[in-house]
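Participant: Sharing a structure below in structure tokens format, with a few things to ask.
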Amino acid sequence: MKSIIKVFLTYLIAIIINIFLWNLIVETFIFKSSGGYFDKEIGKRGISYKHSVWSSEGYSNLILDSLGFNNYPYKLEKDPNQKRVVIIGDSFTEAFQVDRDSNFVTLLGKSLGSGYEVLNFGISGATMSDHIYTSNFISKKLDPDIIILEVNTLADFGSENFNPQNWLHIENDKNSYKISSNYSLDKKTKIKNFLYNFSGLSGYAIVRFKELIYSIKRFSSVDNSSNKSFDLQKKKEELENLVSWELSCLKKNYTNIVVISLDNLPIIEDNKFKLPNKSVSRKFEEDLIKSKLLSENIELIEVEKKIMELSLKNRISYIGANNKKVGFGHLNNKGHRVVSKILYDYVKNMFNNLPSERG
955 MKSIIKVFLT YLIAIIINIF LWNLIVETFI FKSSGGYFDK EIGKRGISYK
1005 HSVWSSEGYS NLILDSLGFN NYPYKLEKDP NQKRVVIIGD SFTEAFQVDR
1055 DSNFVTLLGK SLGSGYEVLN FGISGATMSD HIYTSNFISK KLDPDIIILE
1105 VNTLADFGSE NFNPQNWLHI ENDKNSYKIS SNYSLDKKTK IKNFLYNFSG
1155 LSGYAIVRFK ELIYSIKRFS SVDNSSNKSF DLQKKKEELE NLVSWELSCL
1205 KKNYTNIVVI SLDNLPIIED NKFKLPNKSV SRKFEEDLIK SKLLSENIEL
1255 IEVEKKIMEL SLKNRISYIG ANNKKVGFGH LNNKGHRVVS KILYDYVKNM
1305 FNNLPSERG
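The numbers in the numbering used here rise by one with no breaks, and the one at position 347 of the sequence shown is 1301.
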């Protein structure tokens, strides 16, 4: 009997050690996101002080700040002698594909100089629902002078925000909108808390399982939308109502806001630079959203033309892995430098036009 117990304990210890080592390998050498989760005060965020090593599409080795974002340590309370810029966005702003000193947020801060502070509030997979939810926290706790909202695509303002598999999503009841939380993805139990912090193959995979199933169903289903006629006027009204509500929520907390779109960046195909193709429906959505931003006096910065011009001139790609096969993916080091320079001119101009005292 003792020998059976001894064998059982030996195997149990071996399994535990193997799980630990596998998590360690995954976290250190393969692929690791910030291990984001839903915080009831902040919204979607990373894990405080988490050490994250990224080896996909480039390389970075960093420790997240006290709120779980990609910043060097800073004081929550704003220095009265500094102007504060907060950049919110998704994985393009989070920028794990390059070292922190090389991303456009840090570069913008260095370019602006000591009288300015630029903070990174990008989180992988963030939606407009996340940005709206987080706006209350950022407005009250960080008191930004300017907000820059980065979107990977203008379609981020669209119907994907109704996806119930997101931690936060928008619900529509007869054109009355509200942000709703998916508590099944929330950290509610001690076991989930432990798994989140252990992360790797364990917690993060378990908590995101429902999203994975949703994605499989979504992309494996046959899209017959091109064969269906739809009421353009009705679609226009629905999208206008949604975008108007989203912008009103953002403007409620952000006095000065500018949107930068990193959509439609040039890719390399057959050794040629080209812009990705867009469907008629996608173009329709983007044109409508652009008109809404214009009507709300929110400036839209589009970088695709500038990066396409540079790609053709220099014959290099500004997206994709650094020192590897290029042409797809997130911004690389060169791309971050370009975006930083574009933002510098806009931010300096915005500050020059701000009133000397804020109400």
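Every residue, glycine too, gets a C-beta built ideally from N, C-alpha and C.
Remember, it's a predicted structure, so these values are computed and weren't measured experimentally.
Compare the C-alpha of F1023 against each of V1040, E1011, I1261, Q1036 and name the closest.
Facilitator: Position 69 of the sequence shown, counted from the start, is the residue given in the question as residue 1023. Of the listed residues, the one whose Cα sits closest to F1023 is V1040.
Participant: Can you tell me whether H1085 is buried or exposed, with buried defined as 16 or more other CB within 10 angstroms of its CB?
Facilitator: In the sequence shown, counting from the first residue as 1, residue 1085 sits at position 131. Its Cβ being crowded by 16 or more others within 10 Å, H1085 is buried.
Participant: Which value, in whole angstroms, describes the spacing of the CA atoms of L1229 and I1017?
Facilitator: The residue you call residue 1229 lines up with position 275 of the sequence shown. The residue you call residue 1017 lines up with position 63 of the sequence shown. One C-alpha to the other measures close to 35 Å.
Participant: Sort out for me which residues DSSP pairs H1123 with in a bridge.
Facilitator: As a working mapping, residue 1123 is identified with position 169 in the sequence shown. DSSP lists S1134 as partners of H1123.
Participant: Near G1112, what residues of its chain come up, given a Cβ to Cβ distance below 7 Å and the 5 sequence neighbours on each side ignored?
Facilitator: What you label residue 1112 is simply residue 158 of the sequence shown in a count that begins at 1. Around G1112: L1193, E1239.
Participant: Return helix, strand or coil for I1222, following the three-state DSSP convention.
Facilitator: The residue given as residue 1222 occupies position 268 in the sequence shown. Three-state DSSP puts I1222 in a strand.
Participant: So what's D1110 in DSSP terms, helix, strand or just coil?
Facilitator: Along the sequence shown, read from residue 1 onward, the residue named residue 1110 stands at position 156. Here D1110 sits in helix by DSSP.
Participant: Between which two residues does the alpha helix (DSSP H) carrying R1054 extend?
Facilitator: Position 100 of the sequence shown, counted from the start, is the residue given in the question as residue 1054. That residue, R1054, is in no alpha helix (DSSP H); it is neither H nor E in DSSP.
Participant: For S1245, report the span of its beta strand (DSSP E) as first-last.
Facilitator: As a first step, residue 1245 must be located in the sequence shown, where it is residue number 291. S1245 -> not in any beta strand (DSSP E); alpha helix (DSSP H) instead, spanning 1234-1249.
Participant: Express the C-alpha separation of W1008 and K1288 in angstroms, rounding to a whole number.
Facilitator: The residue given as residue 1288 occupies position 334 in the sequence shown. The residue given as residue 1008 occupies position 54 in the sequence shown. Rounded to whole angstroms, K1288 to W1008 spans 18 Å at the Cα level.
Participant: Helix, strand or coil for L902? Go by DSSP, reduced to three states.
Facilitator: Nothing in the structure corresponds to residue 902, since the chain is present only between 955 and 1313.
Participant: With C-beta atoms as the reference, is L963 less than 8 Å away from G1043?
Facilitator: Counting from one through the sequence shown, the residue named residue 963 turns up at place 9. Counting from one through the sequence shown, the residue named residue 1043 turns up at place 89. Taking 8 Å as the Cβ cut-off, L963 and G1043 do not qualify as a contacting pair.
Participant: With distances taken Cα to Cα, identify the nearest neighbour of K1246 among S1265, K1267, L1196.
Facilitator: The sequence position of residue 1246 within the sequence shown is 292, counting from 1. It is L1196 whose Cα lies nearest to the Cα of K1246.
Participant: Have a look at S988 and I1273 and give me their C-alpha separation to the nearest angstrom.
Facilitator: Reading the sequence shown from its first residue, position 34 is the one you call residue 988. Reading the sequence shown from its first residue, position 319 is the one you call residue 1273. Here S988 scores only 49 on pLDDT, less than 50, and its place in the model should not be relied on; the value that follows carries that caveat. Approximately 21 Å between the Cα atoms of the pair.
Participant: Exposed or buried, what is N1115 when buried is set at 16 or more other beta-carbons lying within 10 Å of its beta-carbon?
Facilitator: The sequence position of residue 1115 within the sequence shown is 161, counting from 1. Buried, since its Cβ has 16 or more Cβ neighbours within 10 Å.
Participant: Buried or exposed: which applies to H1290, given that a residue is buried once 16 or more other Cβ atoms fall within 10 Å of its Cβ?
Facilitator: As a working mapping, residue 1290 is identified with position 336 in the sequence shown. Result: buried.
Participant: Out of T1088, Y1070, G1069, S1068, which one is the CA nearest neighbour of I1077?
Facilitator: Locating residue 1077 in the sequence shown gives position 123, where the first residue counts as 1. It is T1088 whose Cα lies nearest to the Cα of I1077.
Participant: Spatial neighbours of V1059 within its chain, please: CB distance less than 6 Å, with the 5 preceding and 5 following residues excluded, ordered by chain position.
Facilitator: Locating residue 1059 in the sequence shown gives position 105, counting from the first residue. Result list for V1059: I1041, V1072, N1074, in chain order.
Participant: Using the rule of at least 16 other Cβ atoms within 10 Å of the residue's Cβ for burial, across every protein chain shown, is I1100 buried or exposed?
Facilitator: For the purposes of this step, residue 1100 is taken as residue 146 along the sequence shown, with counting starting at 1. Answer is buried; the Cβ neighbour count reaches 16.
Participant: Between Y1131 and the rest of its own chain, which residues show a CB-CB distance below 6 Å, the 5 nearest in sequence each way excluded?
Facilitator: Sequence index remark: in the sequence shown, residue 1131 carries index 177 (1-based). Correct list, in chain order: I1124, W1199.
Participant: Could you compute how far the alpha carbon of K1189 sits from the alpha carbon of S1002?
Facilitator: As a working note, residue 1189 is residue 235 in the sequence shown. As a working note, residue 1002 is residue 48 in the sequence shown. Taking the straight line joining both Cα atoms gives about 41 Å.
Participant: Pull up the distance between the alpha-carbon of K1237 and that of L975, whole angstroms please.
Facilitator: In the sequence shown, counting from the first residue as 1, residue 1237 sits at position 283. In the sequence shown, counting from the first residue as 1, residue 975 sits at position 21. The alpha-carbon atoms of K1237 and L975 are separated by roughly 48 Å.
Participant: Report yes if the C-beta distance between L1038 and D1097 is below 8 Å; otherwise report no.
Facilitator: The residue labelled residue 1038 in the question sits at position 84 within the sequence shown. The residue labelled residue 1097 in the question sits at position 143 within the sequence shown. Before going on, a small fix: residue 1038 reads as Arg here, not Leu. In this structure, D1097 lies closer than 8 Å to R1038 by Cβ.
Participant: Between the Cα of N1210 and those of L1219, S1233, V1293, L1254, spot the shortest distance and give me the residue it belongs to.
Facilitator: Within the sequence shown, residue 1210 is the residue found at index 256, counting from 1. Of the listed residues, the one whose Cα sits closest to N1210 is L1254.
Participant: Thinking N1286 and L1216 are a contact (beta carbons under 8 Å), I'd like their distance in whole angstroms, please.
Facilitator: What you label residue 1286 is simply residue 332 of the sequence shown in a count that begins at 1. What you label residue 1216 is simply residue 262 of the sequence shown in a count that begins at 1. Not quite, the Cβ-Cβ distance comes to about 13 Å (not below 8 Å), so this is no contact.
Participant: What is the rounded straight-line gap between the Cα of S1179 and the Cα of S1233?
Facilitator: Residue 1179 sits at position 225 when you count from the first residue of the sequence shown. Residue 1233 sits at position 279 when you count from the first residue of the sequence shown. Reliability fails at S1179, whose pLDDT of 45 lies under 50, so the model's placement of it is uncertain and no value is given.
Participant: How about G1314 and Q1051: do their beta carbons lie closer than 8 Å?
Facilitator: Past the edges of the chain, shown from 955 to 1313, lies residue 1314, and the structure says nothing about it.
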